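Data first, discussion second: the structure below is written as structure tokens.
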Amino acid sequence: MSGETASHMNGSAASPATKWSPDSWRSKPIKQCPDYPDKAALAKSISELKRLPPIVHPREIVKLKQHLRDVARGEAFLLQGGDCAELFDYCEQNAIESKIKLLLQMSLVLIWGADKRVVRIGRMAGQYAKPRSSPMETVNGRLVPSFRGDILNGFHADERELDPGRLVRAYHHSSATLNYIRAAISSGIADLHRPLDWGLGHVRDPALKEKYSEAVKFLTEMLRFMHTIGADKNEKLDTVDLFTSHEGLLLEYEEPLTRLLDNPVHAPTSSSSTTYPKEYYNTSAHFLWIGDRTRQIDHAHVEYFRGIANPIGIKVGPTTPADDLLALLRTLNPSREPGKITLITRYGAGKVASLLPGHIRAVEDSEYARTVVWQCDPMHGNTQSVSGGIKTRRFSDIFNELQQTLRIHKDQRSYLGGVHLELTGDAVTECLGGSENLDEDDLSTNYTSFCDPRLNEKQALELAFLIADHYRC
Ligand code: PEP
Ligand code: MN
Numbered sequence: 001m002s003g004e005t006a007s008h009m010n011g012s013a014a015s016p017a018t019k020w021s022p023d024s025w026r027s028k029p030i031k032q033c034p035d036y037p038d039k040a041a042l043a044k045s046i047s048e049l050k051r052l053p054p055i056v057h058p059r060e061i062v063k064l065k066q067h068l069r070d071v072a073r074g075e076a077f078l079l080q081g082g083d084c085a086e087l088f089d090y091c092e093q094n095a096i097e098s099k100i101k102l103l104l105q106m107s108l109v110l111i112w113g114a115d116k117r118v119v120r121i122g123r124m125a126g127q128y129a130k131p132r133s134s135p136m137e138t139v140n141g142r143l144v145p146s147f148r149g150d151i152l153n154g155f156h157a158d159e160r161e162l163d164p165g166r167l168v169r170a171y172h173h174s175s176a177t178l179n180y181i182r183a184a185i186s187s188g189i190a191d192l193h194r195p196l197d198w199g200l201g202h203v204r205d206p207a208l209k210e211k212y213s214e215a216v217k218f219l220t221e222m223l224r225f226m227h228t229i230g231a232d233k234n235e236k237l238d239t240v241d242l243f244t245s246h247e248g249l250l251l252e253y254e255e256p257l258t259r260l261l262d263n264p265v266h267a268p269t270s271s272s273s274t275t276y277p278k279e280y281y282n283t284s285a286h287f288l289w290i291g292d293r294t295r296q297i298d299h300a301h302v303e304y305f306r307g308i309a310n311p312i313g314i315k316v317g318p319t320t321p322a323d324d325l326l327a328l329l330r331t332l333n334p335s336r337e338p339g340k341i342t343l344i345t346r347y348g349a350g351k352v353a354s355l356l357p358g359h360i361r362a363v364e365d366s367e368y369a370r371t372v373v374w375q376c377d378p379m380h381g382n383t384q385s386v387s388g389g390i391k392t393r394r395f396s397d398i399f400n401e402l403q404q405t406l407r408i409h410k411d412q413r414s415y416l417g418g419v420h421l422e423l424t425g426d427a428v429t430e431c432l433g434g435s436e437n438l439d440e441d442d443l444s445t446n447y448t449s450f451c452d453p454r455l456n457e458k459q460a461l462e463l464a465f466l467i468a469d470h471y472r473c
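According to UniProt numbering, the sequence shown is numbered sequentially starting from 1.
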């Protein structure tokens, strides 16, 4: 089947004017687009990416979409988290393991709290491209091109020129990261019978500490009990799934990894059938999202995203008119597949109350009612600079936006299906507050983010406990 004839399998309006192909985005206006000086090197990298095998398989992509359909129906909860900017250097055993363990621990707390299955997606194995508000920045008194993520240029001020060779390096780092995620999970890193180190020593408030200890005791006993009666075996609880995701920003990378492949659910049952559906899958990750700066309806990113069969996210913020939201849903999910679209809301603690209800009503009173996953990203609307220009976020603002979001969904009778967090398994000091009560003076102790400030392991776990508490009260 040719690319042309298969181009509307994903349900896009099938008029000649709207024909889709993996490169049809190239005819549209585009934001955040790199202008590579070396076009020959760019072409070489793209043809190498076209040759390399898929990083993820359609079967896994479809499985995630089915899980997200359950989330959209209110039957499961979605936990998505990882670095703001993943560096190639994070492709390393400890960094990968600590993130898997943190996501697992958080999801156990959420299962206990929300009494629902938890679907886990890492901002991992490909989160290498960053949108920037300014093309230039000053480093040590020198004006240099901004750091745009390891897939485009280097963080060091001398490495800011765009290097197309990084596209292929991104592929290999993404594959190696996912390879180790798969290996670690299948070898028992997420083995629920092993005692987990919950490390609650830092929690100073005695009432909080007692609450968390109670939860941990309950979880440990529950896991032991399930093991004793063999329920963990039957329910396949031995190990857990972890899907991968990144912002689909650099279309020069996404296009060559977009492949026309058999839909594993609708594969033919009889050999006589020749019309089984193939779909275009972005095989660089299970889930991709459109960022806040690139969701213009008539631009390149939306054009690219409307043709892929993966589940996709859309960042929604203070600058999203409700009408745009519906136009995006109609373009990106014309067949109204439940779970296909995750709306990742990120307004800021001061704005969520005035903006979220309107967005919920626009969607839930339309033909898209109960088809989307509503996910709260309480990070990106709450970034601020403190003295010395350091970017940080207050734990209290993050929790506040999340708490308001939970309440608003309840009032509107819709379902908050998940959270989207920037976090790391390391003991960084990038966000203020939390149980350790980090203050501005603490920020310099271990601030290692190359982009936005992340929750450290303790802050992330605490947020999971606070969400769990919301459900249990
Ligand atoms: C991000 O998720 O790192 C990001 C840049 O978010 P947004 O597009 O919502 O600003
Ligand atoms: Mn970020």
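Think of the CB as a built atom: it goes at the ideal place given N, C-alpha and C, for glycine as much as any other residue.
Source: prediction; values computed, not measured.
Nearest to R182 by CA position, among Y90, I55 and D163, is which residue? I55
Between which two residues does the alpha helix (DSSP H) containing W112 stretch? Counting along the chain, the alpha helix (DSSP H) containing W112 begins and ends at Q93 to A114.
Answer yes or no: do I314 and L356 have a C-beta to C-beta separation smaller than 8 Å? no
Would you kindly work out how many angstroms separate the C-alpha atoms of E367 and V71, rounded to a whole number? 18 Å
What do you reckon, is the C-beta of R346 under 7 Å from a heavy atom of the ligand PEP? yes
Would you kindly work out how many angstroms separate the C-alpha atoms of L104 and N140, rounded to a whole number? Roughly 40 Å between the two C-alpha positions.
Report yes if the C-beta of C376 is less than 7 Å from at least one heavy atom of the ligand MN; otherwise report no. no
Looking at the secondary structure, which residues open and close the alpha helix (DSSP H) in which E303 lies? A300 to F305
Of the residues L406, E337 and Y171, the one placed nearest E255, counting alpha carbons only: The residue with the shortest Cα to Cα distance from E255 is Y171.
Span of the alpha helix (DSSP H) holding Q403? F395 to D411
Using the rule of at least 16 other Cβ atoms within 10 Å of the residue's Cβ for burial, across every protein chain shown, is E279 buried or exposed? buried
Which complete beta strand (DSSP E) runs does the region 327-396 hold, if anything under 3 residues is left out? 341-345, 373-376, 383-386 and 390-394
I'd like to confirm the pairing. Which residues does DSSP put opposite L261 in its beta bridges? E279
Going by the CB atoms, is the gap between S387 and E440 shorter than 8 Å? For the 8 Å CB-CB criterion, E440 and S387 form a contact.
Can you give the beta carbon distance from V216 to E48, rounded, assuming they're within the 8 Å contact cut? That belief does not hold up - the Cβ atoms of V216 and E48 are roughly 48 Å apart, past 8 Å.
When the Cα atoms are used, what is the spatial distance from T39 to T294? In the sequence on display, residue 39 carries Lys and not Thr. Straight-line Cα distance between these residues: approximately 23 Å.
Tell me whether V265 is buried or exposed, calling it buried when 16 or more other Cβ atoms sit within 10 Å of its Cβ. exposed
Given a cut-off of 8 Å on the beta-carbon distance, is the pair F88 and D23 in contact? no
Please report the distance separating the alpha-carbon of Y180 from that of R59. Rounded to whole angstroms, the gap between the alpha carbons of Y180 and R59 is 19 Å.
So is S284 buried or exposed if we call it buried at 16+ other beta carbons inside 10 Å? buried
Do L443 and E430 count as a contact pair if the criterion is CB distance below 8 Å? yes
Could you tell me which residues DSSP puts in a beta bridge with F465? Note: F465 sits in no beta bridge, so no partner.
If you measure from each CB to the nearest heavy atom of the ligand MN and keep those under 5 Å, what residues do you get, in chain order? Any heavy atom of the ligand MN counts here; residues with a Cβ closer than 5 Å to one of them, in chain order, are C84 and D452.
Start-to-end residues for the alpha helix (DSSP H) that takes in H227: P206 to I229
State the start and end residues of the unbroken beta strand (DSSP E) segment that holds V144. Counting along the chain, the unbroken beta strand (DSSP E) around V144 starts and ends at R142 to P145.
Neighbourhood of I390 by C-beta, 6 Å cutoff - its chain only, sequence neighbours within 5 removed: Closer than 6 Å at Cβ, skipping near neighbours: L443.
Assuming L152 contacts L250 (C-beta within less than 8 Å), just tell me the rounded distance between them. 7 Å
On the DSSP letters alone, give me the boundaries of the alpha helix (DSSP H) that V71 sits inside. P58 to A72
Straight-line gap, A176 to S449 (C-alpha atoms, nearest Å): Spanning the alpha carbons of A176 and S449 requires a straight line of approximately 22 Å.
For the alpha helix (DSSP H) containing V428, name the first residue and the last one. Counting along the chain, V428 falls outside any alpha helix (DSSP H), and DSSP gives it neither H nor E.
Apply the 10 Å Cβ neighbour rule to P338 and answer buried if 16 or more other Cβ atoms are within range, or exposed otherwise. buried
Do the CB positions of G165 and S45 come within less than 8 Å of each other? yes
Which residues in the same chain as N437 place their Cβ atom closer than 8 Å to its Cβ, once the five residues preceding and following it in sequence are excluded? R204
Please state if the CB of F287 and the CB of I100 are separated by a distance shorter than 8 Å. The answer is no: Cβ separation not under 8 Å.
Find the nearest neighbour of P311 within the set Y347, V363, P318 and G248, judged by alpha-carbon distance. G248
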